[in-house]
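Note sheet for the following structure.
Number of protein chains: 2
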Amino acid sequence: MQPKTRWRRRKEARPGEIIDAALNLFVQHGFSATRLDDVAAEAGVSKGTVYLYFDNKESLFRAMVQELIVPVVAQAEEHAAQFQGTQTELIRMLVHSWWDNVGKTRLANMPKLMVSEAAHFPELARYYVDNVVKRARKLLEDALYKGIEQGEFESCDVKSAARILLSPLVFSVIWEKSLAPFDSDDYDIATYIALHLDIFFNGISLDSGVTEHV
Amino acid sequence: MQPKTRWRRRKEARPGEIIDAALNLFVQHGFSATRLDDVAAEAGVSKGTVYLYFDNKESLFRAMVQELIVPVVAQAEEHAAQFQGTQTELIRMLVHSWWDNVGKTRLANMPKLMVSEAAHFPELARYYVDNVVKRARKLLEDALYKGIEQGEFESCDVKSAARILLSPLVFSVIWEKSLAPFDSDDYDIATYIALHLDIFFNGISLDSGVTEHV
DNA sequence: CTAATTAATGACTCAATAGTCAGTAATAAA
DNA sequence: TTTATTACTGACTATTGAGTCATTAATTAG
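Top to bottom, those sequences are chains C and A. Per this note's numbering, residue 4 is the first one in the first sequence, and the count goes up by one each step. Per this note's numbering, residue 4 is the first one in the second sequence, and the count goes up by one each step.
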């Protein structure tokens with residue numbers, strides 16, 4: 004069962020394994036507090052090997068972000084494009100699938116990590132905003148526009164409304180991964196999200212009178 | 004005009020000046036990326052002087068947090084206690100005064116800083132949650148309870164509702180201090196807050212039907 | 001089986017910075 | 001004016017961790 008060799012040559016598998024190790028440690032300790040020696044150890048290689056596949060610590064960080072999040076956004080866009088139903092139902096579907104694919108997984112750590120590190124990695128921050136945030140917002144904005152056209156929602160400032168819809172979701176994962184462990188009052192996130200959606204849809208339903216902010 | 008002396012003895016003023024310098028640099032670069040030499044320089048003293056008044060870098064960080072935020076929370080509590088008017092008006096007042104005293108000032112940097120550093124400073128995180136977050140939530144929860152009793156709002160899960168009310172506000176300052184500089188779509192925060200309050204109050208008004216989450 | 005290639009290693013260098021402390025100069029006391 | 005006190009300095013130490021590279025060993029080619 005013991006391998007005869009001290010190590011194997013596994014050119015194909017290494018980058019993925021290193022990225023995976025990096026994700027675990029970067030989300031746990033942040034960028035600067037993560038030692039590359041530890042990333043290497045977690046990936047089962049030496050530090051030299053990390054430098055064989057990535058130029059430096061920052062480039063590993065970037066690779067990790069790109070690798071992990073873009074597929075999720077793309078999948079959400081496909082789901083939305085194929086969706087049959089009212090815009091209210093579409094938004095509920097997007098929120099719940101975001102929760103299943105991001106909120107409940109280790110990807111839930113990304114928003115806090117990006118917020119914390121944005122100032123140190125401007126190029127990466129721009130990439131994240133363009134490829135994740137803007138695309139996510141656009142899905143919601145499009146649904147809100149259509150919903151207004153189709154008479155599901157009161158006319159209102161759609162760009163603000165999309166942010167209002169998104170904020171409590173993103174904030175909840177940031178909170179969970181930062182201060183929640185120190186908060187003795189716990190709460191049920193499923194109830195929180197359900198109530199948020201109910202208040203929001205009630206708030207923008209046609210009889211609501213939120214027209215002053217068009 | 005030139006002072007004859009190379010430096011002055013100013014035992015009373017130093018700690019405050021050092022805390023002030025620390026705030027400017029910690030919020031700009033984060034905790035670990037801030038050099039104590041730079042804090043000292045910004046405060047107009049040498050590094051040795053910083054260690055005369057604070058045990059170490061962490062203790063300076065804690066002093067800064069305590070010094071700056073607790074007074075703001077205490078003031079909000081007083082305002083709320085003295086308030087005459089409906090609970091809807093009270094909540095609107097609290098939100099707007101939070102915006103004036105936190106959102107528009109350099110204190111707006113605190114949420115992002117705490118979220119980023121919480122994992123490295125568990126004791127400080129607990130202090131912040133207990134002395135800032137819980138007290139802020141309590142103000143809103145109390146207003147919502149009273150509003151329900153007095154028939155202003157539909158009965159609902161008050162703890163979740165208070166978080167839903169707070170999230171978009173806190174998130175907006177975190178966003179502004181992190182990724183917003185990389186986001187070309189800008190938006191007007193005043194419009195966003197006004198719309199949030201309108202949607203929220205419409206959403207929980209008596210005719211809304213959000214009763215299922217009691 | 002032997003030689004050539006290259007994936008992988010880990011001891012090393014180098015830079016950055018938290019924290020120390022012996023010495024200095026401003027102030028107060030005698 | 002002289003002496004005692006102490007706020008303040010800044011050069012120093014100790015540590016940490018990013019990035020390098022000469023060497024080693026797994027694999028492939030001949």
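All C-beta atoms, glycine included, are put in the ideal place defined by N, C-alpha and C.
When DSSP states are grouped into helix, strand and coil, S100/C belongs to the helix group. Taking the Cα positions, A165/A is about 12 Å away from I207/A.
F34/C has no beta-bridge partner at all, per DSSP. Proximity to L172/C across G150/C, Y195/C, S181/C, K162/C peaks at Y195/C, based on C-alpha coordinates.
Distance check between A25/C and each of P74/C, K14/C, A46/C, E157/C places A46/C closest, using alpha-carbon atoms only. Any Cβ of chain C closer than 9 Å to the Cβ of P74/A would place that residue at the interface, and such an atom is absent.
One thing to note: V42/C has its Cβ no nearer than 9 Å to the Cβ of I72/C. Taking 9 Å as the CB threshold, F29/A stays off the interface with chain C. Taking the CA atoms as reference points, K50/C sits about 28 Å from K180/C. Between A83/C and the set K162/C, N205/C, V68/C, S100/C, the nearest pair of CA atoms involves S100/C. In its chain, beyond the 5 residues on either side, E157 have a beta carbon closer than 6 Å to the beta carbon of L209/A. A straight-line Cα-Cα distance of about 10 Å links V68/C and S62/C. Taking 9 Å as the cut-off, the Cβ atoms of F64/C and F29/C count as close. Taking 8 Å as the Cβ-Cβ cut-off, the region 113-129 of chain A approaches chain C at K115, M117, V118, S119, A121, A122, H123, P125, A128, R129, given in chain order. At a cut-off of 9 Å between C-beta atoms, L198/A counts as an interface residue with respect to chain C. In this structure, the beta-carbon distance from I177/C to L143/C does not fall below 9 Å.
V173/A belongs to the set of residues whose beta carbon lies under 9 Å from a beta carbon in chain C. Within the region 103-183 of chain C, complete alpha helix (DSSP H) segments of at least 4 residues are found at 113-120, 125-131, 137-152, 161-179, given in chain order.
Nearest C-alpha to G150/A among K7/A, K60/A, G88/A: G88/A. Cβ neighbours of R17/A within its own chain (closer than 7 Å, five residues either side excluded): V48, T52, Y56. At least one C-beta of chain C is nearer than 9 Å to the C-beta of S181/A. When secondary structure is reduced to three states using DSSP, S208/C falls in the strand class.
The beta-carbon distance between M117/A and A128/A, rounded to whole angstroms, is 7 Å. This is short enough to meet the 8 Å contact definition. Using a Cβ-Cβ cut-off of 9 Å, V136/A counts as an interface residue toward chain C, since at least one Cβ of chain C sits closer than that to its own. Of the candidates A139/A, F124/A, L198/A, the residue whose Cα lies closest to the Cα of V105/A is A139/A.
Between the alpha carbons of L168/A and R9/A lies a distance of about 53 Å. With its beta carbon at least 9 Å from every one in chain A, W10/C lies outside the interface. One thing to note: S163/A has its Cβ within 9 Å of the Cβ of L198/C. CA-CA distance, R109/C to S175/C, rounds to 14 Å. Contacts with chain A at 9 Å (Cβ-Cβ) do not include K60/C.
Secondary structure note for G47/A: it is in no alpha helix (DSSP H), with a DSSP letter that is neither H nor E. Pairing Q31/A with A44/C gives a Cβ-Cβ distance that is not under 9 Å.
By the CB criterion at 9 Å, F124/C and F34/C fall inside the cutoff. Secondary structure of D189/A (DSSP, three-state): coil. Sequence-distant partners of V76/A (beyond 5 residues in either direction) whose C-beta falls short of 6 Å from its own C-beta, in its chain, are V135, R138.
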